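Take a look at the structure below.
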Amino acid sequence: MGKRARLGIGYRALGMDYETGSGNTLFRYDVITSGPIIGMSFNF
-6 MGKRARLGIG
4 YRALGMDYET
14 GSGNTLFRYD
24 VITSGPIIGM
34 SFNF
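Quick note: the sequence shown uses the working numbering, first residue -6, plus one each step.
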């Protein structure tokens, strides 16, 4: 019989860079989202 529960802790960073057009029609989208993550799983 193995472990029935698992806990995971970490840090994640997600980024995106988008650019289109030029001059007055330039559209730029630059996002970075980051932070801690916690996960838990159970086995039956």
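Cβ coordinates follow ideal geometry from the N, Cα and C atoms, glycine included. Please read all numbers here as calculations on a predicted model, not as lab measurements.
Residues that DSSP places opposite residue i in a beta bridge
| i | result |
| --- | --- |
| F35 | A(-2) |
| G16 | None, per the DSSP bridge assignment. |
Contact set for residue i: own chain, Cβ-Cβ below 6 angstroms, skip 5 residues either direction
| i | result |
| --- | --- |
| E40 | Residue numbering for the chain in the displayed model covers -6 to 37; residue 40 lies beyond these limits and cannot be assessed. |
| G43 | Any property of residue 43 remains undetermined from this structure, which presents the chain solely from -6 to 37. |
Straight-line gap, residue i to residue j (C-alpha atoms, nearest Å)
| i | j | result |
| --- | --- | --- |
| L19 | G28 | 30 angstroms |
| K(-4) | M33 | 13 angstroms |
| F35 | A6 | 26 angstroms |
Proximity test, Cβ basis, 7 angstroms: residue i and chain D
| i | result |
| --- | --- |
| V24 | Here chain D cannot be found, since the structure has a single protein chain. |
Same chain, Cβ closer than 7 angstroms to residue i, neighbours up to 5 away in sequence not counted
| i | result |
| --- | --- |
| G14 | F20 |
From the options, residue whose alpha carbon lies closest to that of residue i
| i | options | result |
| --- | --- | --- |
| D10 | I30, D23 and I31 | D23 |
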